[in-house]
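Q: I'd like to ask you about the structure that follows.
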Amino acid sequence: MTPWWIIPAVLVALPALAAAYHAYGPISRSRLTAFARRHELAITTANGDRVIRYLAVTRRWRSAGLIAGWAIAFAVELPQGRFSFNPLVLFAGWFAGALAAEVHLAVGVHGRRRVASLVPRTPKRYVSTVVWGLLPVGALAGIAALPGAVVDRTLTAATVAWVALALGIVIVVALVRRKVLLRPQPVDPADVVQADDAIRTRSLHVLSAGGFALAAYCGLAALATRGTAEAGVATAVGLAVLAVGITAARGRGPAPRPAA
Numbered sequence: 109m110t111p112w113w114i115i116p117a118v119l120v121a122l123p124a125l126a127a128a129y130h131a132y133g134p135i136s137r138s139r140l141t142a143f144a145r146r147h148e149l150a151i152t153t154a155n156g157d158r159v160i161r162y163l164a165v166t167r168r169w170r171s172a173g174l175i176a177g178w179a180i181a182f183a184v185e186l187p188q189g190r191f192s193f194n195p196l197v198l199f200a201g202w203f204a205g206a207l208a209a210e211v212h213l214a215v216g217v218h219g220r221r222r223v224a225s226l227v228p229r230t231p232k233r234y235v236s237t238v239v240w241g242l243l244p245v246g247a248l249a250g251i252a253a254l255p256g257a258v259v260d261r262t263l264t265a266a267t268v269a270w271v272a273l274a275l276g277i278v279i280v281v282a283l284v285r286r287k288v289l290l291r292p293q294p295v296d297p298a299d300v301v302q303a304d305d306a307i308r309t310r311s312l313h314v315l316s317a318g319g320f321a322l323a324a325y326c327g328l329a330a331l332a333t334r335g336t337a338e339a340g341v342a343t344a345v346g347l348a349v350l351a352v353g354i355t356a357a358r359g360r361g362p363a364p365r366p367a368a
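For the sequence shown, position 104 (counting from the first letter as 1) is numbered 212 according to the working numbering, and the numbering increases by one without interruption.
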């Protein structure tokens, strides 16, 4: 007789293996072309390797996050004898992987002399005001359950834990986002500097969108601890959070600037 855990293990392992195979495969020309088109960037022999490395690192981490989300969903529900496909958990895992990739890339940049420029390095050089403002919105969403819980005297340890996690995510993302914004820009030819700008733009979009989405999900989970009615609202709003997060993450920054 087949052990009961074989089928769940296969259901977890097959998608995980497929994602891992995709994560460590070569960056396709179409993927590189899509990045270049989105940022109006000319790929050259000088900047191509830098862009390819960025795409490879982010893909590996995002795939790892997706696999983790898939495995966690199984681990949580399997002891209860059930499993339901939850896209919010999978995308939360993907966003977590995306954030981890940006942390990895930000930490990997060591002190190099900045390009001399009189133009201040501000968020609007890379992202819109709306995208940059998503993180504070995520913070507000993360603490949304607190006022009602305090007034109704329904504050629980689970609610506090989700709110604390949301605020922790916002703080970490804010610090990493600042590091990405202010990290030294290499003294390189114009095409390499423009590639660095494109990578910085993509990173800030993903950090803003990912931080917003994860903090909002934690806030929605905190709301869900207060009862089934609010849990239903949280599910509906969660889909909207997902749509906003994906749209913002895939956004494009301002038109490329001539290198200083």
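We treat Cβ as the ideally placed atom computed from N, Cα and C, and that holds for glycine. Nothing here was measured: the structure is a model prediction, and the numbers come from that model.
At what residues does the alpha helix (DSSP H) containing Thr141 begin and finish?
A: First-last of the alpha helix (DSSP H) with Thr141: 137-146.
Q: At which residues does the alpha helix (DSSP H) containing Thr237 begin and terminate?
A: First-last of the alpha helix (DSSP H) with Thr237: 237-240.
Q: Leaving aside the five residues before and after Val271 along the sequence, list all residues of the same chain whose C-beta is less than 8 Å from its C-beta, in chain order.
A: Hits under 8 Å: Gly250, Ile251, Ala253, Leu254, Cys326, Gly327, Ala330.
Q: Does the count of Cβ pairs from the stretch 194-202 and the stretch 146-156 closer than 8 Å reach three?
A: These segments do not touch.
Q: Determine, using beta carbons only, whether Ala257 and Leu263 come nearer to each other than 7 Å.
A: Yes, they are a contact pair.
Q: Val284 by DSSP, collapsed to three states: which one?
A: Helix, per DSSP.
Q: Within 10 Å of its beta-carbon, does Ser311 have 16 or more other beta-carbons around it, so buried, or fewer, so exposed?
A: So Ser311 counts as buried.
Q: In the DSSP assignment, find the unbroken alpha helix (DSSP H) run with Thr394 in it and report its ends.
A: Since the first residue of the chain shown is 109 and the last is 368, residue 394 is not available in this structure.
Q: Counting beta carbon pairs with one atom in the stretch 348-357 and one in the stretch 278-288, are three or more of them shorter than 8 Å?
A: In short, these stretches do not touch, since the Cβ pair count stays below three.
Q: Just the Cα atoms here: how many angstroms apart are Gly177 and Leu196?
A: For Gly177 and Leu196, the distance between alpha carbons rounds to 9 Å.
Q: What does the alpha-carbon distance come out to for the pair Val268 and Thr237?
A: Distance between the alpha carbons of Val268 and Thr237: 30 Å.
Q: The alpha helix (DSSP H) with Gly361 in it runs from where to where?
A: Looking at the DSSP string, Gly361 is not in any alpha helix (DSSP H), and its letter there is neither H nor E.
Q: Is DSSP giving Leu248 helix, strand or coil here?
A: Helix, per DSSP.
Q: Give the straight-line distance between the Cα atoms of Ala179 and Gly173, rounded to the nearest whole angstrom.
A: Going from the Cα of Ala179 to the Cα of Gly173 covers about 10 Å.
Q: If you reduce the DSSP assignment to three classes, tell me which class Ala295 lands in.
A: One detail in the question is off: residue 295 reads as Val in this sequence, not Ala. Note: Val295 maps to coil in three-state DSSP.
Q: Rounded to the nearest angstrom, what separates Ala266 and His147 at their Cα positions?
A: Taking the straight line from one Cα to the other gives about 42 Å.
Q: So Val243 and Phe320 are in contact, right, with Cβ under 8 Å, and what is the actual spacing, rounded?
A: It should be noted that the sequence gives Leu, not Val, for residue 243. Correct: roughly 6 Å between the Cβ atoms.
Q: Of the choices Gly318, Arg291, Thr230, Ala181, whose alpha-carbon is the least far from that of Ala209?
A: Closest by alpha carbon: Gly318.
Q: Compare the Cα-Cα distances from Gly246 to each of Ala183, Ser136, Pro134, Leu350 and report the closest residue.
A: Per the Cα distances, Leu350.
Q: Gly259 to Ala204, Cα distance in whole Å?
A: This sequence places Val at residue 259; Gly is not what is there. Straight-line Cα distance between these residues: approximately 32 Å.
Q: Count the other C-beta atoms from every protein chain shown that fall within 10 angstroms of the C-beta of Ala274, then say buried if there are 16 or more, exposed otherwise.
A: Flag for Ala274 reads buried.
Q: Could you tell me the distance, in whole angstroms, from the CA atom of Gly241 to the CA atom of Ala324?
A: In a straight line, the C-alpha of Gly241 is about 13 Å away from that of Ala324.
Q: Taking all protein chains shown into account, do 16 or more other C-beta atoms lie within 10 angstroms of the C-beta of Thr230, making it buried, or fewer, making it exposed?
A: Under this definition Thr230 is an exposed residue.
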